[in-house]
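See structure below.
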Amino acid sequence: MPSARRAVGGTVNMRDISDTMPTLAAIAPFASGPVRIEDVANTRVKECDRLEACAENLRRLGAEVATGPYWIEIRPGAPLTSTTDIKTYSDHRIVM
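The end of the sequence shown is residue 105 by the working numbering, with every number in the run present.
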């Protein structure tokens, strides 16, 4: 059976697939290095500000997160809290 691999950190331009940004942001704390997701300014004007929604929820779990006008960076290593309420902001992409 193959061994499990840890996701690597890096910079990802998600201009063409920005709706999947919340998914990558959710797994980023488990990467081997920082994950920077760029070119996702349009996620700020969806059902909610998805970039800030992801950042806030990850911070609530204990992750170190920085944001800019068009990017989010998540640093691995912080122990994540296993019990906290996640805010959905009435946005189906954040719920998923």
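From the three backbone atoms N, C-alpha and C, an ideal C-beta is built for every residue, glycine too.
If you're wondering where the values come from, they're calculated on a predicted model, not measured in any experiment.
Contact test: threonine 76 Cβ vs the ligand SAM heavy atom, cutoff 7 Å: What this structure holds is no ligand at all, so the ligand SAM is not there to describe.
Contact under 8 Å by Cβ, cysteine 57 with aspartate 94: One-based indexing of the sequence shown puts residue 57 at position 48. One-based indexing of the sequence shown puts residue 94 at position 85. No, the pair does not count as a contact, with Cβ atoms beyond the cut-off.
Cβ-based burial, alanine 75 [other Cβ within 10 Å; buried from 16]: Translated into positions along the sequence shown, residue 75 becomes position 66. Looking at its Cβ environment, which holds fewer than 16 other Cβ atoms inside 10 Å, alanine 75 is exposed.
DSSP three-state assignment for glutamate 36, whether helix, strand or coil: Sequence index remark: in the sequence shown, residue 36 carries index 27 (1-based). The question names glutamate, but residue 36 in the sequence shown is isoleucine. Helix.
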